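Residue numbering for the sequence shown follows numbering that gives the first Met the number 0, beginning at 0 and increasing consecutively. For glycine and all other residues, C-beta sits at the position ideal for the given N, C-alpha and C. All values reported here derive from a predicted model rather than from experimental measurement. So the structure is just underneath, and the comments pick up after that.
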Amino acid sequence: MAVIVQKYGGTSVGSLSRIESVAEQVIDTVRQGHQVVVVLSAMSGETNRLTALAQQLDPVPASRELDVLLATGEQVSISLMAIALVKRGISAISLVAHQIGIKTDNHFGAARIKHVDKKRLGQALEQEQVVIVAGFQGQDRDNNITTLGRGGSDTSAVAIAVAVKAAEVQIFTDVDGVYSGDPRIIPKAKRLDAISFSEMLEMANLGAKVLQNRAVEYAKEFDMSIRVLSSFEHGEGTLVTTSPIETLDKKSSLPVHSSVSSVVCLQKRAIASLPRLKDCEYLQLKQELNKQGIEFTLIDPNKCQLVEVENSCDCHHFVISSDKIVCLKSILEEITSAPTSGIIRTLNGLSQISVICSEPKKQETIASKVLSILTSAEISTKLISTSATACSAVIDESDLINAMRLLHSGFGLDSLP
Ligand code: ASP
Ligand code: MG
């Protein structure tokens, strides 16, 4: 009998009737002879509602207390799910993170899972109970409640799947898989049958919202395949795995035969340019940004073309969310013990658009193609950079939709009419 971990996101459990249909779906899986662990997010809108409540009292709420508050959202959805299952004659138990020993570090609001204890989970599964676990939360060494950052239930699901040696982790969401581009921006985007961990990780880091990046990182480290599925309709979804080539049927294998698998973007970006730091300060800065869960792309001047940024060589350049510039400044002040006023130059109102490469060797060709597609549409590129698996361009926010569609079609990703 295989253990299957199923994670349902906020919209999938957004109302009592949604909770009832998910309960039916879980029962179907049980009837197929599987042991099931269900990991849930809070009902849709709940985490935002709780955050807003706290912010009415303090715009920057005490981080430990905010985590105590936010963790309640998932407790509501898991108990309601257990009630719905028990009512249907299924033996089910809801458990919050500290009851099953999901241990994390102590970075409130962006904690990382260190360990999941399999004892309590194992006992419940042995007693043939459906175990329903609160996603997004953990417990630090001092028994404080922690949360894992927005979208963190994906990571809870993967970590639990690794602990119980599940056959697969299924992430049910409101889209039917991972797409070659956000279908709301690119109507011609297509669903990918399978994708490698590395590409998915790059996609998640560079803006795809479908999975939390840490979930992919964890799955990659422990080689736990993830299947992204819709909780609203049946389908094969997208398999995120080590070697999609072997898993895929040749005729449908879009990502393995094309050098680019998708186009993703990050909106509301800024380029922050700061004078060169000592190596140790630079390292400290990167570590602190990571610790605080602040996403950034570091631009290595040797590997990027700064098309419209001045004094590029004697500066470090970061592409960062505009609303995190304040944090960047205060971290820097702490590290250098000097005021940053007038030192950091910022360029706002930008978007970062990235094409994800399935064949890392081709990045250079891909970069020149990106630049030529954008230039011929008279879209000005502030900066273009390549990493092992992606090529990113920073452009004006107002050019974003046009640029996304042009790159998607330019790289042959549009679905056939
Ligand atoms: N409820 C949390 C959020 O809204 C965690 C999750 O949904 O994964 O981000
Ligand atoms: Mg999510």
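Please state the DSSP three-state secondary structure of Ile400. helix
Contact check, Glu73 vs Ala41, beta carbons under 8 Å: yes
Around ligand 2, Cβ to any heavy atom closer than 6 Å, ordered along the chain: Gly8, Gly150 and Asp153
DSSP state of Arg268 mapped onto helix, strand, coil: strand
Using beta carbons (cut-off 8 Å, strictly below), is Val12 in contact with chain C? In summary, chain C is missing from the structure at hand, where a single protein chain is found.
What would DSSP say about Arg226, mapped onto helix, strand or coil? strand
Between which two residues does the alpha helix (DSSP H) carrying Asp27 extend? Leu15 to Arg30
Roughly how many angstroms separate the alpha carbons of Ser252 and Ser414, rounded to a whole number? Because the pLDDT at Ser252 is just 43, under 50, the model does not fix this residue reliably, and the value given afterwards should be weighed accordingly. Looking at the two C-alpha atoms, the distance is approximately 13 Å.
When you measure from the CB of Ser40 to every non-hydrogen atom of ligand 1, does any distance come out below 7 Å? yes
Relative to the C-alpha of Pro338, which residue among Leu346, Arg344 and Lys328 is closest? Lys328
May I ask whether a heavy atom of ligand 1 can be found less than 7 Å away from the beta carbon of Phe171? no
Within 10 angstroms of its Cβ, does Ala269 collect 16 or more other Cβ (buried), or is it exposed? buried
With a cut-off of 8 Å on the beta carbons, I'd call Ser353 and Val215 a contact; round off their distance for me. So it is not a contact: roughly 15 Å between Cβ atoms.
Any 3 or more C-beta pairs closer than 8 Å across the stretch 27-36 and the stretch 52-71: no
Whether or not the stretch 174-190 and the stretch 202-217 are in contact is what I'm after, with contact meaning three or more pairs of Cβ atoms, one per stretch, closer than 8 Å; do they touch? yes
Regarding Phe135 and ligand 1, is the C-beta to nearest heavy atom distance less than 7 Å? yes
CB Gln5 to CB Gln122, shorter than 8 Å? no
Roughly how many whole angstroms lie between the Cα atoms of Lys290 and Gly88? 45 Å
For Phe317, the first and last residue of its enclosing beta strand (DSSP E): Cys314 to Ser320
For a quick check, are the C-beta atoms of Ser230 and Arg344 less than 8 Å apart? no
beta-carbon Thr452 near ligand 1 non-hydrogen atom, thresh 7 Å: Not covered by the structure: residue 452. The range shown for the chain is 0 to 416.
Using DSSP's beta-bridge definition, name the partner residues of His114. Lys102
When you compare the CB positions of Ile194 and Val239, do they come within less than 8 Å of one another, or not? yes
Where are the alpha helix (DSSP H) runs, 4 residues long or more, that stay fully inside the stretch 30-66, in chain order? 45-56
With DSSP as the reference, label Ala70 as helix, strand or coil. coil
Whole-angstrom distance between Pro416 and Lys277, CA atom to CA atom: 54 Å
Please report the straight-line C-alpha distance between Phe410 and Arg404, rounded to a whole angstrom. 10 Å
Just to confirm the assignment, what range does the alpha helix (DSSP H) spanning Glu332 have? Ile324 to Thr335
I'd like to confirm something about Gly32: is its beta-carbon nearer than 7 Å to some heavy atom of ligand 1, or not? no
Where His256 falls, given that 16 or more other Cβ within 10 Å makes a residue buried: Residue placement at His256 is poorly supported in this model, since its pLDDT is 44, which falls under 50; the coordinates still yield a value, given next. His256 is exposed by the Cβ-count criterion.
By Cβ distance, which residues of its chain are closer than 8 Å to Glu407, with the 5 residues on each side in sequence left out? As written in the sequence, residue 407 is His, which differs from the Glu given in the question. Around His407: Ser179, Gly180, Ile185, Lys187, Ala188, Val262 and Asp413.
Count the other C-beta atoms from every protein chain shown that fall within 10 angstroms of the C-beta of Met202, then say buried if there are 16 or more, exposed otherwise. buried
Identify the continuous beta strand (DSSP E) that holds Asn347 and give its terminal residues. Arg344 to Cys356
Excluding sequence positions up to five away, which residues of its chain have a Cβ less than 8 Å from the Cβ of Gln138? Ala96, His97, Gly100, Ile101, Lys102, Thr103, Ile144 and Thr145
DSSP-derived helix/strand/coil call for Phe295: strand
Cross-strand partners of Arg190 (DSSP beta bridge): Tyr178
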